[in-house]
Structure formats: C-alpha cells, structure tokens
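Heads up: the sequence shown begins at 536 in the numbering used here, then just goes up one per residue. Written below as structure tokens is the structure these notes are about.
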Amino acid sequence: MRTASKMSVTAASSTTSLFTTTPSKSKDATKLDDLEQMKERAQQTKTFIYIKIPKIPLCISYKAEKGANIKDVQDFMVTVPTLEYHNCNWTWTDMLMEVKKVYKQHIIQKGIKNAFGMREEDEAAKPSPLSMYV
536 MRTASKMSVT AASSTTSLFT TTPSKSKDAT KLDDLEQMKE RAQQTKTFIY
586 IKIPKIPLCI SYKAEKGANI KDVQDFMVTV PTLEYHNCNW TWTDMLMEVK
636 KVYKQHIIQK GIKNAFGMRE EDEAAKPSPL SMYV
C-alpha cells in the first residue's frame, strides 16, 4: 500500500504545474536578434561634425477651417535665423525633425508677436551702439 500512495503522488505532481510554458526562442536566438537590431540602428546613425543652415526668408500663407478661432494668414514674411549644430549623433530623420522643431517654434513666436503688434526692428535699421560715440 505504501508504494501505491507514493506512485500516485509522483504521478500527480508530474502532470500538474503552476506555470504554463510557452514555446519561446532560446537565449542565443534572442541575443542574435538583439545584436542584429543594434547593428541596424548603428548603421542608420551618423555623426554630424558641423551643420550650418543659413537664415532663410519664408513667405507663409494659411487658411483656417471655418469655425476655428485662428485668423487666416496671407503673405506673412518671416526670416528664420541661422542654425548651427556641432558634434551631433543623429539619423537623418532626427536631424530634420530638430530643424523642423526649431523652425516651427520661431514661426509661431513671430506670428504671435505680429498678431499683437509687437514688431521687431530690422538689424540694419537699429543704430549701432558705437554710433553715439562717433
């Protein structure tokens, strides 16, 4: 009788499990996949030593949807400042998204200043700080 009870216990423990196992990749296969993914990302990344984008004059027009509280804009002239970047590790997409972000911020800032009538003087029209000493 004793042996029968031991057999039933061992049989019961081998068939029941608290955790279900799913078929998964071995550790070596996942390491290879991670390595391939890292190589792919590294090939896309470029090191930009020096980037200089000169100032660019832009003419902006925008027609808002009906019912929007945004005013239509016609022939709004904005000069975007010179951008310089040094020693940046970016993909081409990252670089373009950074330029887009800076341009967008500058255009919105100039648009708000224009809407409230706070126009800035041109750099050429400003008197030189040394001109009062001449």
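In this text, a Cβ means the ideal position worked out from N, Cα and C, and glycines have one as well. Please read all numbers here as calculations on a predicted model, not as lab measurements.
Under the DSSP assignment, Ile586 falls in the beta strand (DSSP E) whose first and last residues are Lys581 to Ile588. Rounded to the nearest angstrom, the gap between the Cα atoms of Lys639 and Val613 is 11 Å.
Bounds of the beta strand (DSSP E) holding Thr614 are Val608 to Val615.
Of all C-beta pairs linking the segment 606 to 621 to the segment 569 to 576, fewer than three are shorter than 8 Å, placing the two stretches out of contact. Apart from the 5 residues on each side of it in sequence, Val634 sits with its Cβ closer than 8 Å to the Cβ of Ile588 and Leu618 in its chain, given in chain order. Take Tyr597, set aside five residues on each side of it, and the residues of its chain with a beta-carbon closer than 7 Å to its own are Asp607 and Val608, in chain order.
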